[in-house]
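J.: I have a structure here, written as structure tokens, and I will follow up with some questions on it.
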Amino acid sequence: MSELLDQLITPEVRMVLYLMVACLVMLYILSIVYVIRDAQRRGAEPWWLWAVISIIPIVGLLAYVILRPSSYLVDREEQDLDIALREHQLSHYGICPKCGAPIDRDFVVCPICNTQVRNVCPTCHRPLNADWKVCPYCRTRIQ
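Listed below in structure tokens is the structure:
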């Protein structure tokens, strides 16, 4: 039996087997590095835990790919900034006190429910805030 193995495993075959094992080891090490870097980019808090899990060959990498956060940390921060920007833009307009619909700064009535949301200057007919005592456009005193 050992003579048969010696005949089958020539030095060339042995070299090919060594190269295949070396490639598998390199892929294994690269998969661990990939998990660590990707977990850091995705903002996974215990990224070192993912590194430990990825040490288990194939199963660790598959577990990470299935359980990792769905988006990168940079993308989540960008989404949070986008939401904050939209909320800030909406706050420049206003909200109808009756129906809650967004209204522009110069609307006098809500276009949805017809509720008066601002006063109107009797002289220039421009919209005024409720707490203004004088029209800033034409200097008319408001009662």
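Just so you know, the sequence shown maps onto residues 670 to 812 in this note's numbering. Where a beta carbon is used, it is the ideal one built from N, C-alpha and C, also for glycine.
1. Return the CA-CA distance between PRO859 and VAL728, expressed in angstroms with no decimal places.
2. For VAL803, collect the residues of the same chain with a Cβ closer than 8 Å to its Cβ; drop the 5 residues on either side in sequence, then sort them by chain order.
3. Grab me the residues of CYS782's own chain with a C-beta within less than 8 Å of its C-beta, minus the 5 sequence neighbours each way, in chain order.
4. Judging by CA-CA distance, which residue of CYS807, ARG787, THR784 is the nearest neighbour of CYS793?
5. Per DSSP, what are the beta-bridge partners of ASN788 in this structure?
6. With DSSP as the reference, label VAL690 as helix, strand or coil.
7. Taking just the CA atoms, how far does ILE735 sit from ALA753?
8. Can you give the Cα-Cα distance for MET641 and GLN676, rounded to whole angstroms?
9. Judging by CA-CA distance, which residue of GLU746, ASP773, ASP744, GLU747 is the nearest neighbour of SER758?
10. Let me know if ILE701 comes out buried or exposed under the rule of 16 or more other beta-carbons within 10 Å of its beta-carbon.
11. Reducing DSSP to helix, strand and coil, say where ARG808 ends up.
12. For the segment 741–753 and the segment 717–724, state whether three or more C-beta atom pairs, one from each stretch, are separated by less than 8 Å.
13. Which residue from TYR697, GLU756, GLY712, ILE725 puts its Cα closest to that of PRO738?
14. On the CB-based measure, 16 or more other CB atoms within 10 Å of its CB, does LEU688 come out buried or exposed?
T.: With the given structure in hand:
1. The structure shown does not extend to residue 859, since the chain is modelled only from 670 through 812, so no value can be given for it.
2. THR809, ARG810, ILE811
3. CYS765, LYS767, CYS768, ALA770
4. CYS807
5. LEU797
6. helix
7. 30 Å
8. A query on residue 641 cannot be resolved here, the shown segment of the chain reaching from 670 to 812 and no further.
9. As written in the sequence, residue 758 is Gln, which differs from the Ser given in the question. The candidate whose alpha carbon is nearest that of GLN758 is ASP773.
10. buried
11. coil
12. no
13. GLY712
14. exposed
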